[in-house]
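Asker: The structure that follows is given in the form of structure tokens.
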Amino acid sequence: MESFQWLKDLFTTTDSVAHITLLYAIVIAIGVYLGKLKIFGISLGVTFVLFAGILAGHIGFTAPTPILTFVQDFGLILFVFMIGMQVGPGFFESFGTQGIKLNGLAASAILLNILVMFACYYIFFDTTNVTNLPMMVGTLYGAVTNTPGLGAANEALNTVFPNGAPQIASAYACAYPLGVLGIIGATILIRYICKVKLEKEEEQLEEQAGTKTNKKPYKMHLQVTNQYLEGKTILQVHDFLNRDFVCSRIEHNGDITIANRNTLLHLGDKMLIVCAEADHEAIIAFIGPLIDIDLEQQQQEQPMISKGVLITNPKINGKTLASMHFSSVHGVNVTRVTRHGIDLFASANLPLQVGDKIRVVGPEDAVNRVAVRMGNSSNKLNAPNIATIFVGIFLGLIFGSLPIAIPGMPVPVKLGLAGGPLIIAILIGRYGYKIRLVTYTTTSANMMLREIGLVLFLASVGIKAGAGFFETVVEGDGLLYVLTGFLITIIPILVVGPIARLKFKFNYFTIAGMVAGTYTDPPALAYANSICSKEAPAVGYSTVYPLSMFLRIFTAQIIVLFFCG
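Structure below.
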């Protein structure tokens, strides 16, 4: 048996690097694999790592507390920072006309979650016990299936309880499974409360798709018939109309050339114009009628091409299309910009970012010169911009450590390890180009870093909570956490959902996506997508997800610091 002593030491010598690494490897691997199992078509995903960690902690398979705390906090920082980088580019753009209403409904649901939590706390629990409210905070974040909020609350509790914070992960684990089911169940219940017919909702989306105007690029061929335009430059026409458009090609007396801002227009000229779809009717009315011709297919002495060019040169990051002087200096036009798979109109004031793909039209040699200047190397996009991540984390930790004095508070409020990096990541994701930070990260790289941070955090929290988990759940208030968690989950959905439908007339599929985004719950989004052939659920989800994630993390710390101190 002594020959196997090395193996026994590997599992029992808790302060060795090999043991700690083995612990995390086993907990994470088991949790990820078990999280893929589906019950009634629903899986818990990587959150099952928390339950694997709890089991490991319960049987004494653990590591030194300082190590667990460090890995937990580092995983949380990495997780929330990569979330901020992901949502940052669309965070402020999500507040459009419809976006304001959806985000208002989402914020209302988040507030209701908190109010229901406090109601359950005062109705069902002994308010003289100082640990009950923190445990209800854990229940809240399990009920709304929001792990970053759990991390933020956990971190804030360490400030309020310096001698040992309550293990709120136990309450989180109790409420989480029924939270996932409750979100989907309440979404289905809205359908029957509001008497929704899925077929009619699909037809409504079809009609909206046929009539909707947006800022997608719109290409058309026009003939100049407005006598006022004789001898005027394209720049003068642009200024008079006060609408963005790009003249990609122009035919005058049978000659096809690349137009620039100083090109003169004459009656009878034929133009290939790209503009925002919402502006095309006004441009037609001012310049002249649509014509059935394709200047792109016309033969010319100097062949012109249309080519997609990737921006991979960091020096271009943050520069506007106007500042690049594509037409006047390079003799080409940029007619479209594709960012994160979405086509954008090439407005003069649009700042370019690394990772953008621009559509360049012009003589072949000129287009190739522009491609060289832009970088146009897909291999460069695969290289991680790791410096930006750690510069952002550095700034986020400083920002999160700033004490904010609030009258009546015993200690200054700090955004902490979760709130600080999250806010800085959102700002860098949106405005990093202004200080020449390359913020582009491939989706796969972002997801990998997020998942690594998340599983490290969940495993650490679970292992630390495991020692007293069964006493808390079986002998304590475990069933009460399950019940109150279910109420916290469904009541806000059943209030906000019908209001969104009956008062604001939102499509049911959009509401389903909004609910999933408000609860930052991918299984609920998967359900919504499974019953809808359009992208309405994804639009509703992505519209409210950035603000919801921010509010979940921020309110977690506010609740703890204001009410648990």
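Residue numbers (my numbering): 599 to 1163. Backbone N, C-alpha and C define an ideal beta-carbon position, used for all residues, glycine too.
1. Using the rule of at least 16 other Cβ atoms within 10 Å of the residue's Cβ for burial, across every protein chain shown, is R1099 buried or exposed?
2. Contact between the region 869-888 and the region 824-842: three or more CB pairs below 8 Å?
3. Counting C-beta neighbours from all protein chains within 10 Å, is the total for I721 16 or more, i.e. buried, or is it exposed?
4. In three-state DSSP terms, what is T663?
5. Just reading off the alpha helix (DSSP H) that N980 is part of, what are its end residues?
6. Considering only the beta carbon of each residue, do E828 and L803 sit closer than 7 Å?
7. Pick helix, strand or coil for R937, following the three-state DSSP scheme.
8. Which class does V615 belong to by DSSP, given the choice of helix, strand or coil?
9. Given this structure, state the Cα-to-Cα distance separating A920 from N947, to the nearest angstrom.
10. Let me check understanding here. Comparing Cα to Cα, which of F1152, L1092, P1135 lies closest to L787?
11. Would you kindly work out how many angstroms separate the C-alpha atoms of A754 and F997, rounded to a whole number?
12. Where does the unbroken beta strand (DSSP E) through P775 begin, and where does it stop?
13. Between the Cα of G1017 and those of G1030, A1134, G906, L748, spot the shortest distance and give me the residue it belongs to.
14. Assuming P1135 contacts G1111 (C-beta within less than 8 Å), just tell me the rounded distance between them.
15. Quick one: complete alpha helix (DSSP H) runs, 4+ long, within the region 818-890?
16. Within the same chain, show all residues whose beta-carbon is closer than 6 Å to that of I708, passing over the 5 residues directly before and after it, in chain order.
17. What span of residues does the alpha helix (DSSP H) with V758 cover, start to end?
18. Who are T918's beta bridge partners in DSSP?
19. Does the beta-carbon of F609 have 16 or more other beta-carbons within 10 angstroms, so that it is buried, or is it exposed?
20. Which of the three DSSP states, helix, strand or coil, is assigned to V958?
21. Report the residue ranges of all alpha helix (DSSP H) runs contained in full by the region 1035-1063; include only those spanning at least 4 residues, in chain order.
22. For Q670, count the other beta carbons within 10 Å of its own beta carbon; 16 or more makes it buried, fewer makes it exposed. Which is it?
23. Using 10 angstroms around the beta-carbon of H617, count the other beta-carbons present and answer buried if the total reaches 16, otherwise exposed.
24. Counting Cβ pairs, one atom from each stretch, are 3 or more of them under 8 Å apart for the region 986-1001 and the region 1031-1047?
25. Under DSSP, the beta strand (DSSP E) around S925 begins and ends at which residues?
26. For N711, which of helix, strand or coil comes out of DSSP?
27. For I903 versus E962, is the C-beta distance shorter than 7 Å?
28. Do I781 and A1122 have their C-beta atoms within less than 7 Å of each other?
29. Would S925 and N858 qualify as a contact pair, given that the criterion is a beta-carbon distance under 7 Å?
30. Taking contact to mean at least 3 C-beta pairs separated by less than 8 Å, is the region 726-739 in contact with the region 761-775?
31. Nearest by alpha-carbon distance to P764: which of F1084, G702, F1067, P775 is it?
32. Mind checking which residues open and close the beta strand (DSSP E) that includes I903?
33. In angstroms, rounded to a whole number, what distance separates the CA positions of Q898 and L870?
34. Using the rule of at least 16 other Cβ atoms within 10 Å of the residue's Cβ for burial, across every protein chain shown, is D890 buried or exposed?
35. Nearest-angstrom Cα distance between L674 and I832?
36. From this set, L776, K913, V1059, which residue's C-alpha is nearest N756's C-alpha?
Answerer: Short version:
1. By one-based count along the sequence shown, residue 1099 stands at place 501. Buried, by the Cβ-count rule.
2. With contact defined as three or more Cβ pairs closer than 8 Å, the region 869-888 and the region 824-842 are in contact.
3. The residue given as residue 721 occupies position 123 in the sequence shown. That one is exposed.
4. Working through the sequence shown from its first residue, we reach residue 663 at position 65. The answer is helix: DSSP assigns T663 an H, G or I state.
5. In the sequence shown, counting from the first residue as 1, residue 980 sits at position 382. Start and end: 976-980.
6. As a working mapping, residue 828 is identified with position 230 in the sequence shown. As a working mapping, residue 803 is identified with position 205 in the sequence shown. No, Cβ-Cβ distance for E828 and L803 is not below 7 Å.
7. Counting from 1 along the sequence shown, the entry for residue 937 is found at position 339. Three-state result, R937: strand.
8. By 1-based counting over the sequence shown, the position of residue 615 is 17. Correct three-state label for V615: helix.
9. As a working mapping, residue 920 is identified with position 322 in the sequence shown. As a working mapping, residue 947 is identified with position 349 in the sequence shown. The straight-line gap from Cα to Cα measures roughly 6 Å.
10. Position 189 of the sequence shown, counted from the start, is the residue given in the question as residue 787. Of the listed residues, the one whose Cα sits closest to L787 is L1092.
11. Working through the sequence shown from its first residue, we reach residue 754 at position 156. Working through the sequence shown from its first residue, we reach residue 997 at position 399. It is roughly 15 Å from the alpha-carbon of A754 to the alpha-carbon of F997.
12. Along the sequence shown, read from residue 1 onward, the residue named residue 775 stands at position 177. From DSSP, P775 is part of no beta strand (DSSP E) but of the alpha helix (DSSP H) over 767-791.
13. Here residue 1017 corresponds to residue number 419 of the sequence shown, with the count starting at 1. Of the listed residues, the one whose Cα sits closest to G1017 is L748.
14. Walking along the sequence shown from the start, residue 1135 turns up at place 537. Walking along the sequence shown from the start, residue 1111 turns up at place 513. By a beta-carbon distance limit of 8 Å, P1135 contacts G1111. Their separation comes to about 3 Å.
15. 832-839, 878-885
16. Reading the sequence shown from its first residue, position 110 is the one you call residue 708. Excluding positions up to five away in sequence, the list reads L1149.
17. For this step, residue 758 is matched to residue 160 along the sequence shown. Looking at the DSSP string, the run of the alpha helix (DSSP H) that includes V758 is 745-758.
18. Taking the sequence shown and counting its residues from 1, one reaches residue 918 at position 320. Its beta-bridge partners are P949.
19. For the purposes of this step, residue 609 is taken as residue 11 along the sequence shown, with counting starting at 1. Burial state of F609 is exposed, judged by a 10 Å Cβ sphere holding fewer than 16 other Cβ atoms.
20. Within the sequence shown, numbered from 1, the residue matching residue 958 stands at position 360. Strand at V958.
21. none
22. Taking the sequence shown and counting its residues from 1, the one referred to as residue 670 is at position 72. Buried is the call here.
23. Here residue 617 refers to the residue found at position 19 of the sequence shown. By the 10 Å Cβ count, H617 comes out buried.
24. Under the 8 Å Cβ criterion, the region 986-1001 counts as touching the region 1031-1047, having at least three qualifying pairs.
25. The residue you call residue 925 lines up with position 327 of the sequence shown. No beta strand (DSSP E) holds S925; DSSP gives it neither H nor E.
26. Residue numbering aside, residue 711 sits at position 113 when the sequence shown is read from its first letter. Note: N711 maps to helix in three-state DSSP.
27. Sequence index remark: in the sequence shown, residue 903 carries index 305 (1-based). Sequence index remark: in the sequence shown, residue 962 carries index 364 (1-based). Yes, the pair counts as a contact, with Cβ atoms nearer than the cut-off.
28. Residue 781 sits at position 183 when you count from the first residue of the sequence shown. Residue 1122 sits at position 524 when you count from the first residue of the sequence shown. Result yes, Cβ atoms of I781 and A1122 sit closer than 7 Å.
29. On the sequence shown, position 327 is the one that residue 925 refers to. On the sequence shown, position 260 is the one that residue 858 refers to. Closer than 7 Å, so yes.
30. yes
31. On the sequence shown, residue 764 is found 166 positions in, with the first residue counted as 1. P764 has its Cα closest to that of F1067, out of F1084, G702, F1067, P775.
32. Position 305 of the sequence shown holds residue 903. Residues 902-908.
33. The residue given as residue 898 occupies position 300 in the sequence shown. The residue given as residue 870 occupies position 272 in the sequence shown. Only weak support is given to the placement of Q898: the predicted model assigns it a pLDDT of 49, under 50, and the value that follows is read from those uncertain coordinates. Note on geometry: alpha-carbon atoms of Q898 and L870 lie some 15 Å from one another.
34. Position 292 of the sequence shown holds residue 890. Exposed: under 16 other Cβ atoms inside 10 Å.
35. For the purposes of this step, residue 674 is identified with residue 76 of the sequence shown, where counting begins at 1. For the purposes of this step, residue 832 is identified with residue 234 of the sequence shown, where counting begins at 1. Straight-line Cα distance between these residues: approximately 53 Å.
36. Position 158 of the sequence shown holds residue 756. Checking every option, the nearest Cα to that of N756 belongs to V1059.
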